[in-house]
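One structure is given here, and the rest of the page talks about it.
2 protein chains.
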Amino acid sequence: MTDVDVVVVGAALAGVTAARVLRDAGRTVRVLEARDRVAGRTYGGTLANGVPVELGGQWIGPSQTAVRALIDELGLPTFPTYDTGDALTRYRGTVTRYGDATFGLSGAAAGEVGRMQAELEALAGTVSLSAPWTTPEAAELDRRTLDEWLRGATTDTEALAFWGAVVPAVFSAEPAEMSLLHFLFYIKSGGLIDMLVGVTGGAQDSRVVGGTHRIAEEVAADLGAAVVTLNAPVYAIAQDENEVRVSTPERTVSAGHVIVAIPPTLAGRLVYRPALPAQRDGLTQQIPMGSVIKVQIAYPTPFWRTSGLSGFAFDLDGALSVTLDNSPPDGSCGVLVGFFEGAHARTAARWSAEERRAVAVATLTDLFGPQAAAPTDYLEQDWTAEEFTRGCYGGRLGAGAWTQYGPALAEPVGRIHWAGAETADIWNGYMDGAVRSGRRAAAEILDRLSS
Amino acid sequence: MTDVDVVVVGAALAGVTAARVLRDAGRTVRVLEARDRVAGRTYGGTLANGVPVELGGQWIGPSQTAVRALIDELGLPTFPTYDTGDALTRYRGTVTRYGDATFGLSGAAAGEVGRMQAELEALAGTVSLSAPWTTPEAAELDRRTLDEWLRGATTDTEALAFWGAVVPAVFSAEPAEMSLLHFLFYIKSGGLIDMLVGVTGGAQDSRVVGGTHRIAEEVAADLGAAVVTLNAPVYAIAQDENEVRVSTPERTVSAGHVIVAIPPTLAGRLVYRPALPAQRDGLTQQIPMGSVIKVQIAYPTPFWRTSGLSGFAFDLDGALSVTLDNSPPDGSCGVLVGFFEGAHARTAARWSAEERRAVAVATLTDLFGPQAAAPTDYLEQDWTAEEFTRGCYGGRLGAGAWTQYGPALAEPVGRIHWAGAETADIWNGYMDGAVRSGRRAAAEILDRLSS
Chain R
0 MTDVDVVVVG
10 AALAGVTAAR
20 VLRDAGRTVR
30 VLEARDRVAG
40 RTYGGTLANG
50 VPVELGGQWI
60 GPSQTAVRAL
70 IDELGLPTFP
80 TYDTGDALTR
90 YRGTVTRYGD
100 ATFGLSGAAA
110 GEVGRMQAEL
120 EALAGTVSLS
130 APWTTPEAAE
140 LDRRTLDEWL
150 RGATTDTEAL
160 AFWGAVVPAV
170 FSAEPAEMSL
180 LHFLFYIKSG
190 GLIDMLVGVT
200 GGAQDSRVVG
210 GTHRIAEEVA
220 ADLGAAVVTL
230 NAPVYAIAQD
240 ENEVRVSTPE
250 RTVSAGHVIV
260 AIPPTLAGRL
270 VYRPALPAQR
280 DGLTQQIPMG
290 SVIKVQIAYP
300 TPFWRTSGLS
310 GFAFDLDGAL
320 SVTLDNSPPD
330 GSCGVLVGFF
340 EGAHARTAAR
350 WSAEERRAVA
360 VATLTDLFGP
370 QAAAPTDYLE
380 QDWTAEEFTR
390 GCYGGRLGAG
400 AWTQYGPALA
410 EPVGRIHWAG
420 AETADIWNGY
430 MDGAVRSGRR
440 AAAEILDRLS
450 S
Chain B
0 MTDVDVVVVG
10 AALAGVTAAR
20 VLRDAGRTVR
30 VLEARDRVAG
40 RTYGGTLANG
50 VPVELGGQWI
60 GPSQTAVRAL
70 IDELGLPTFP
80 TYDTGDALTR
90 YRGTVTRYGD
100 ATFGLSGAAA
110 GEVGRMQAEL
120 EALAGTVSLS
130 APWTTPEAAE
140 LDRRTLDEWL
150 RGATTDTEAL
160 AFWGAVVPAV
170 FSAEPAEMSL
180 LHFLFYIKSG
190 GLIDMLVGVT
200 GGAQDSRVVG
210 GTHRIAEEVA
220 ADLGAAVVTL
230 NAPVYAIAQD
240 ENEVRVSTPE
250 RTVSAGHVIV
260 AIPPTLAGRL
270 VYRPALPAQR
280 DGLTQQIPMG
290 SVIKVQIAYP
300 TPFWRTSGLS
310 GFAFDLDGAL
320 SVTLDNSPPD
330 GSCGVLVGFF
340 EGAHARTAAR
350 WSAEERRAVA
360 VATLTDLFGP
370 QAAAPTDYLE
380 QDWTAEEFTR
390 GCYGGRLGAG
400 AWTQYGPALA
410 EPVGRIHWAG
420 AETADIWNGY
430 MDGAVRSGRR
440 AAAEILDRLS
450 S
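Rendered as structure tokens:
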């Protein structure tokens with residue numbers, strides 16, 4: 000007899016969702032979490048004035064029905080992201096204010112961006128979400144990087160600069176760092192580009208009161224402390240014909256199955272007995288995490304609102320490329336959230352926190368005016384420095400990886416099942432995808448147990 | 000006081016070379032090796048008739064002066080690779096025999112290949128070997144894959160097919176899987192393309208009697224069993240202001256410094272306390288190993304020699320893309336060594352050994368005639384399945400990686416120094432580079448100890 004039916008590695012959204020499904024189906028479960036907290040890439044911070052802010056993933060959109068249903072089940076209140084007024088884009092020193100769909104670009108650049116978006120979305124329409132490697136022309140789409148496609152599609156430097164900010168805003172990685180197939184898969188997985196980039200109606204539509212980390216926290220609390228063990232970094236998984244044994248430095252838990260619900264690059268670091276098949280190991284060698292440093296800059300009031308600004312901005316010139324209004328629901332103070340993403344994050348990681356703050360405040364001052372120069376608080380989170388995440392928002396596949404290693408992403412290896420946002424076919428890389436992946440992995444095991 | 004002055008992780012060429020330098024300088028050393036053997040990516044096999052063959056790295060060239068000097072010091076005899084007679088190339092079903100520099104290509108294709116080679120080598124001339132990220136135009140060379148460059152440089156499908164075999168022959172990876180900058184760095188590191196591909200005078204010039212694994216074996220024997228511990232897989236490295244502690248499941252060894260002499264992707268799997276800087280961790284996430292399955296097919300005699308063939312062949316049509324004469328020095332039997340490389344290796348890894356053998360024998364029969372259809376022996380080694388290597392010949396950097404993560408490849412992190420063929424600036428990826436890297440890491444530590 001084993002200790003439990005199923006061990007889950009990782010108490011973030013995918014892991015606790017899977018554990019909850021299994022428990023509700025009458026199975027015994029143990030969740031082992033490396034950190035001293037649950038919730039993984041969702042994480043709550045608090046400003047000096049007591050206002051909670053999200054240091055990790057924070058927005059949900061209306062088509063994210065899996066995470067939405069979980070939030071509703073848990074009874075967590077949500078509120079709309081502030082999205083009233085004009086947005087800003089800076090390009091070559093000029094800040095453009097806009098209220099239409101141009102993203103503040105010149106007519107020529109906006110036209111090019113629109114044409115390219117339509118072409119990319121038409122291509123995305125051909126992609127298989129459940130098995131991207133079976134997409135028609137998969138080999139040709141996979142041997143090219145998104146960067147090659149973008150450079151080949153236009154010579155408009157303003158349009159290219161815009162893509163150079165939008166792509167890291169979605170992937171925390173540069174267009175050269177992913178295959179065209181990966182980009183197409185990902186945008187289709189989330190409902191195409193406007194959905195991924197949009198606020199109202201899009202992926203940034205709403206927030207959870209108190210922060211999205213409350214979702215995993217509530218599920219973990221419901222599972223109970225006897226099920227979820229913190230400070231338990233799994234380093235080894237051994238399986239044989241009878242059971243699987245999952246080891247931390249302090250314990251080994253036996254089970255019939257294990258769900259590994261951590262990013263693939265971290266899953267690749269565990270010791271497996273027997274060793275994993277080459278295709279699975281090769282996959283984990285080439286699905287690096289994105290790079291992002293997320294900063295929160297607080298003010299006495301959301302002063303930009305009184306100027307008719309939404310707080311949404313793209314800076315095509317500087318390192319803090321995207322900004323949104325992240326004020327609390329009652330607007331009792333003003334918070335702007337900004338992102339150093341992709342190449343900017345790798346550069347900014349070499350600066351001190353003071354330097355990052357200075358760059359962020361200078362950027363916001365250029366965009367939103369002199370009131371932005373006097374913040375009351377600054378809070379930052381560098382996800383690449385987090386040992387048990389090693390990057391956000393998620394893992395990406397470079398040229399050649401999907402067609403040669405894709406099947407290994409979610410295919411079980413004996414008693415080992417894989418979950419996590421990277422393994423989802425719908426809303427891959429998002430909280431919604433994490434929830435779906437946890438349900439899928441739990442269902443795989445329930446199927447096997449009932450057959 | 001610590002147990003030893005220096006711990007070395009990995010008893011392959013880089014590790015044992017470093018240990019030897021340190022010992023000769025009067026320092027105490029302990030080498031911890033995960034496998035039950037030394038020598039890493041060099042590994043000896045034996046045919047049923049008792050003839051030794053190399054299952055891993057096997058050739059040395061005259062400009063590989065570091066490994067050559069070590070071989071000479073150890074007194075290991077060498078012999079020239081058989082390189083007399085004509086070579087073969089198959090393309091679209093036609094086998095062409097040649098004795099010139101055309102590689103058996105049509106005049107048009109040979110011309111295109113020559114022109115492209117000259118252009119690539121001119122570009123390579125601009126690359127900094129010690130710091131590729133400082134190369135003029137580094138960002139532009141790094142955002143492009145080699146595949147993009149090749150497709151942009153010619154429309155000659157025969158020339159592209161040739162590059163499609165040559166690149167995996169050198170990298171065990173596809174042109175899309177590395178940046179143009181990585182390709183240029185690598186070919187310059189080894190002395191340009193003719194040197195990398197050549198037999199006599201090139202990287203495949205000579206062999207060590209009994210096999211190249213004897214090099215690391217002899218050095219390890221000289222170090223002694225008290226220094227080199229087998230079956231000791233390191234899983235954790237902790238450092239503080241006083242010492243570094245290196246742990247296997249059975250022991251922890253303390254030292255002033257540690258040299259991690261394993262491939263970067265495997266080095267990234269260890270647990271570090273404190274956790275590694277983000278740039279170093281990010282590097283290890285994006286330097287996947289190449290894929291190769293090396294096969295040895297034996298015959299009663301090297302029958303191809305009597306037909307005036309050297310045994311060297313490129314098959315641009317099939318999966319076993321490169322073949323060489325690998326017979327023993329006395330020619331007492333015939334051995335052809337063939338390679339499934341890059342995409343072909345990933346496909347062939349899903350076949351059974353019988354299927355791989357059948358494909359290999361069929362290819363050799365098409366190339367060398369009916370006598371090839373009746374081998375007396377077949378021996379294969381899939382390096383991607385090796386838990387403590389996870390691919391050969393070495394790690395490569397995809398688009399964007401050199402310019403953003405390059406400095407982390409060899410830069411020490413506190414008491415941790417990095418060695419291995421991937422960290423060499425001369426003959427990167429080769430045995431010679433491994434030896435150089437071991438010497439460099441040992442010198443780093445001796446410098447610190449004497450200052």
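Each protein sequence line maps, in turn, to chains R and B. In case it helps, numbering that gives the first Met the number 0 puts the first sequence at residues 0 to 450. In case it helps, numbering that gives the first Met the number 0 puts the second sequence at residues 0 to 450. The beta-carbon is built from N, C-alpha and C at its ideal position, and this holds for glycine as well.
Cβ atoms of B:S188 and B:L140: under 8 angstroms apart, would you say?
-> Counting from one through the second sequence, the residue named residue 140 of chain B turns up at place 141. Counting from one through the second sequence, the residue named residue 188 of chain B turns up at place 189. No, the Cβ-Cβ distance between B:L140 and B:S188 is not below 8 angstroms.
Are the beta-carbon atoms of R:A11 and R:G39 separated by less than 8 angstroms?
-> Position 12 of the first sequence, counting from 1, holds the residue named residue 11 of chain R. Position 40 of the first sequence, counting from 1, holds the residue named residue 39 of chain R. Cβ atoms of R:A11 and R:G39: closer than 8 angstroms.
The stretch 19 to 36 of chain R touching the stretch 229 to 236 of chain R, judged by at least three CB pairs closer than 8 angstroms = Contact between the stretch 19 to 36 of chain R and the stretch 229 to 236 of chain R is present: 3 or more CB-CB pairs across the two stretches fall below 8 angstroms.
Identify, in the order they occur along the chain, each residue of the same chain with its Cβ nearer than 6 angstroms to the Cβ of R:R244, setting aside the five sequence neighbours on each side.
-> Here the question's residue 244 of chain R lines up with position 245 in the first sequence. Same-chain partners within the cutoff: A237, T251 and S253.
If you check the beta carbons only, do B:D35 and B:L308 fall under 8 angstroms apart?
-> What you label residue 35 of chain B is simply residue 36 of the second sequence in a count that begins at 1. What you label residue 308 of chain B is simply residue 309 of the second sequence in a count that begins at 1. Going by C-beta atoms, B:D35 is not nearer than 8 angstroms to B:L308.
Counting only the same chain and skipping the five closest in sequence on each side, list residues whose C-beta sits under 7 angstroms from that of B:G397.
-> Reading the second sequence from its first residue, position 398 is the one you call residue 397 of chain B. These residues qualify, in order along the chain: E176, M177, S178 and Q285.
So, using beta-carbon positions, are R:A13 and R:G437 closer together than 8 angstroms?
-> Taking the first sequence and counting its residues from 1, one reaches residue 13 of chain R at position 14. Taking the first sequence and counting its residues from 1, one reaches residue 437 of chain R at position 438. When the beta-carbon positions are compared, R:A13 and R:G437 come within less than 8 angstroms of each other.
Among B:V291, B:A318, B:E410 and B:L378, which has the Cα closest to the Cα of B:V169?
-> To locate residue 169 of chain B, count along the second sequence from 1; it is residue 170. The shortest C-alpha separation from B:V169 is found at B:V291.
For the beta strand (DSSP E) that R:P79 lies in, which residues bound it at each end?
-> Locating residue 79 of chain R in the first sequence gives position 80, where the first residue counts as 1. Counting along the chain, the beta strand (DSSP E) containing R:P79 begins and ends at T77 to P79.
Specify whether the stretch 358 to 365 of chain R and the stretch 305 to 321 of chain R touch according to this definition: at least 3 beta carbon pairs, one from each stretch, less than 8 angstroms apart.
-> By the Cβ criterion, the stretch 358 to 365 of chain R is in contact with the stretch 305 to 321 of chain R, since at least three pairs of Cβ atoms, one from each stretch, lie closer than 8 angstroms.
Chain B contact for R:P76 (CB, 8 angstroms cutoff) | Here the question's residue 76 of chain R lines up with position 77 in the first sequence. No, no contact with chain B.
Short CB-CB distance (under 8 angstroms) between R:P411 and chain B | The sequence position of residue 411 of chain R within the first sequence is 412, counting from 1. Using a Cβ-Cβ cut-off of 8 angstroms, R:P411 does not count as an interface residue toward chain B, since no Cβ of chain B sits closer than that to its own.
Can you give the Cα-Cα distance for B:A109 and B:D193, rounded to whole angstroms?
-> Here residue 109 of chain B refers to the residue found at position 110 when the second sequence is read from its first residue. Here residue 193 of chain B refers to the residue found at position 194 when the second sequence is read from its first residue. Cα to Cα, B:A109 sits roughly 14 angstroms from B:D193.
Identify the contact partners of B:V336 in chain R, using a Cβ-Cβ distance below 7 angstroms as the criterion.
-> Here residue 336 of chain B refers to the residue found at position 337 of the second sequence. From the beta-carbon of B:V336, no residue of chain R is found nearer than 7 angstroms; the closest lies around 21 angstroms away.
Per-residue contacts from R:R40 into chain B (C-beta, under 8 angstroms) = As a position in the first sequence, residue 40 of chain R is number 41, starting the count at 1. In chain order: nothing, as chain B lies at least about 15 angstroms away.
Segment contact flag, the stretch 257 to 264 of chain R with the stretch 13 to 27 of chain R, C-beta cutoff 8 angstroms, min 3 pairs = In short, these stretches touch, since the Cβ pair count reaches three.
Taking B:E455 as part of the alpha helix (DSSP H), name the residues at either end of that continuous run.
-> Here chain B comprises residues numbered 0 to 450, so residue 455 of chain B is not present and cannot be evaluated.
Whole beta strand (DSSP E) elements within the stretch 360 to 412 of chain R, 3-residue minimum | The qualifying runs are 376 to 381.
Determine whether the Cβ of B:T270 lies closer than 8 angstroms to any Cβ atom of chain R.
-> What you label residue 270 of chain B is simply residue 271 of the second sequence in a count that begins at 1. The sequence given here has Val at residue 270 of chain B, not Thr. Output row for B:V270: interface = yes.
Let me know the secondary structure DSSP gives R:L308 once reduced to three states.
-> Looking up residue 308 of chain R in the first sequence gives position 309. Three-state DSSP puts R:L308 in a strand.
Is the CB of R:E379 under 8 angstroms away from at least one CB in chain B?
-> For the purposes of this step, residue 379 of chain R is taken as the residue at position 380 of the first sequence. Judged by the 8 angstroms Cβ criterion, R:E379 is not in contact with chain B.
Rounded straight-line distance, which links the Cα of R:G428 to that of R:R395 = The sequence position of residue 395 of chain R within the first sequence is 396, counting from 1. The sequence position of residue 428 of chain R within the first sequence is 429, counting from 1. A straight-line Cα-Cα distance of about 9 angstroms links R:R395 and R:G428.
What residues in the stretch 129 to 148 of chain B bring their beta carbon closer than 9 angstroms to a beta carbon of chain R?
-> For the stretch 129 to 148 of chain B, which is checked against every Cβ of chain R, the residues closer than 9 angstroms are D141, R142, R143, T144, D146 and E147.
DSSP-derived helix/strand/coil call for B:L319 | Residue mapping note: residue 319 of chain B aligns to position 320 of the second sequence, counting from 1. The three-state reading of DSSP puts B:L319 in strand, counting E and B together.
Please state whether DSSP places B:F170 in a helix, a strand or coil.
-> Counting from one through the second sequence, the residue named residue 170 of chain B turns up at place 171. In the structure shown, the three-state DSSP call for B:F170 is helix.
Using the Cα positions of B:Q63 and B:S351, report the straight-line distance between them to the nearest angstrom.
-> Translated into positions along the second sequence, residue 63 of chain B becomes position 64. Translated into positions along the second sequence, residue 351 of chain B becomes position 352. Inter-residue distance for B:Q63 and B:S351 is about 37 angstroms (C-alpha atoms, whole angstroms).
Please compile the residues from chain R whose C-beta is within a distance smaller than 7 angstroms of the C-beta of B:R34.
-> Working through the second sequence from its first residue, we reach residue 34 of chain B at position 35. Identification of chain R residues near B:R34 by a Cβ-Cβ cut-off of 7 angstroms yields none; the smallest Cβ-Cβ distance measures about 12 angstroms.
Among all the DSSP beta bridges, which residues are the ones paired with R:F338?
-> Numbered from its first residue, the first sequence carries residue 338 of chain R at position 339. Its beta-bridge partners are R:K293 and R:V321.
Could you tell me whether any Cβ in chain B is nearer than 8 angstroms to the Cβ of R:R96?
-> Position 97 of the first sequence, counted from the first residue, corresponds to residue 96 of chain R. No, because no Cβ of chain B sits closer than 8 angstroms to the Cβ of R:R96.
Could you name each continuous alpha helix (DSSP H) segment of 4 residues or more that falls completely within the stretch 4 to 70 of chain B, going from the start of the chain to the end?
-> For the stretch 4 to 70 of chain B, the continuous alpha helix (DSSP H) assignments of 4+ residues that do not extend past its boundaries occur at 12 to 23, in sequence order.
Should B:R389 and B:T247 be called a contact, given that it needs their Cβ atoms to be closer than 8 angstroms?
-> Numbered from 1 along the second sequence, position 390 holds the residue referred to as residue 389 of chain B. Numbered from 1 along the second sequence, position 248 holds the residue referred to as residue 247 of chain B. At the C-beta level, B:R389 and B:T247 stay beyond 8 angstroms of one another.
Is there at least one Cβ from chain R nearer than 8 angstroms to B:E486's Cβ?
-> The question about residue 486 of chain B has no answer here: the residues shown for chain B are numbered 0 through 450.
Put R:L229 into one of helix, strand or coil per three-state DSSP.
-> One-based indexing of the first sequence puts residue 229 of chain R at position 230. Three-state result, R:L229: coil.
Could you tell me the boundaries of the beta strand (DSSP E) in which B:A100 lies?
-> Position 101 of the second sequence, counting from 1, holds the residue named residue 100 of chain B. No beta strand (DSSP E) contains B:A100, which DSSP labels as neither H nor E.
Going by DSSP, what residues sit across from B:R89 in a beta bridge?
-> The sequence position of residue 89 of chain B within the second sequence is 90, counting from 1. DSSP lists B:V94 and B:D314 as partners of B:R89.
Reduced DSSP category for R:W426 - H, G, I as helix; E, B as strand; rest coil | Looking up residue 426 of chain R in the first sequence gives position 427. It is coil, neither helix nor strand.
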